[in-house]
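Numbering (my numbering), first residue to last: 20 to 334. Built from N, CA and C at the ideal position, the CB exists for glycine as well. Right, one structure below, let's go through it.
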């Protein structure tokens, strides 16, 4: 029986190397290019719509001020509109990103955008909620300790995938993501770091060529590059998640109430801090702008695209 035990240990699946993972990423990208790019286009359309709505809110607020001179009413209407818009934008982003994961999870099947969105709709809210929980805990970790923030980033990296692939919700999805990565923390960290470095390296090549082509084409090239490359990161991280699942021989991961109680207060505190920071940023924005402009006037600078530029011989 001992040789069989050793053989089982030897054949236990391992995470792939960076280059093998990159190769698999572009294979999946090629296989699912059309649906992935259509979904990415939906994201760009949603961002454009969000900007248009923000402009519309500003126009309505200006109209209310001009006709009623009621600043409080304007402020209330603007805050309610912005909160509602933020929720709907986040909801639809969550829905669209869930559709991307559905395409990857069910990539052996062939279906279009409508079917992907139909399958993804039940996961839109759970995925959004997990994103909020994860962001709150990460914010808590980075604000207070930094190192735990980095650890939490690796632990909860796959929580949204756990929502869709394992039908988990809330804290269970976060803890499932963490447990998938147990024993593979440094391997995951290395793969994530290499992925980020690769993207920065590609960007460092594209941007100089882009600027050399002239300002007329710069925005167009940035848009095309961003549009084509946007699904790659999702595929890359999903394949890490998929390979992590294969390394787990036990399909059922038990989550104790004490684990939920440990991370729950972190999420609450982190969320309060996030909201407080947002409110303070809005409240102090005019003062910060005035101070910035006043200090800028004291320097021998020129303003280019809203950015102060010092003379070359100032130093």
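Check for me: the alpha helix (DSSP H) holding residue i runs from which residue to which?
| i | result |
| --- | --- |
| residue 34 | Premise fails: residue 34 is in no alpha helix (DSSP H) and is neither H nor E. |
| residue 159 | 143 to 163 |
| residue 137 | 132 to 139 |
Rounding to the nearest angstrom, what Cα-Cα distance links residue i and residue j in this structure?
| i | j | result |
| --- | --- | --- |
| residue 216 | residue 121 | 27 Å |
| residue 249 | residue 200 | 24 Å |
| residue 136 | residue 246 | 19 Å |
| residue 176 | residue 204 | 11 Å |
| residue 156 | residue 190 | 11 Å |
| residue 173 | residue 83 | 47 Å |
| residue 103 | residue 292 | 21 Å |
| residue 196 | residue 162 | 22 Å |
| residue 67 | residue 110 | 16 Å |
| residue 37 | residue 198 | 22 Å |
| residue 164 | residue 240 | 39 Å |
| residue 256 | residue 86 | 52 Å |
| residue 123 | residue 54 | 10 Å |
| residue 91 | residue 98 | 11 Å |
Just to confirm, are residue i and residue j a CB contact at a threshold of 8 Å?
| i | j | result |
| --- | --- | --- |
| residue 108 | residue 145 | no |
| residue 56 | residue 258 | no |
| residue 118 | residue 58 | yes |
| residue 194 | residue 149 | no |
| residue 348 | residue 251 | The chain is shown from 20 up to 334; residue 348 falls before or after that span and cannot be answered. |
| residue 143 | residue 114 | yes |
| residue 180 | residue 130 | no |
| residue 35 | residue 265 | no |
| residue 225 | residue 244 | yes |
| residue 50 | residue 126 | yes |
Kindly indicate which three-state DSSP category residue i falls into: helix, strand or coil?
| i | result |
| --- | --- |
| residue 267 | coil |
| residue 187 | coil |
| residue 126 | coil |
| residue 201 | coil |
| residue 175 | coil |
| residue 53 | helix |
Could you tell me whether any non-hydrogen atom of the ligand MN is closer than 7 Å to the CB of residue i?
| i | result |
| --- | --- |
| residue 142 | This structure lacks the ligand MN; in fact it carries no ligand of any kind. |
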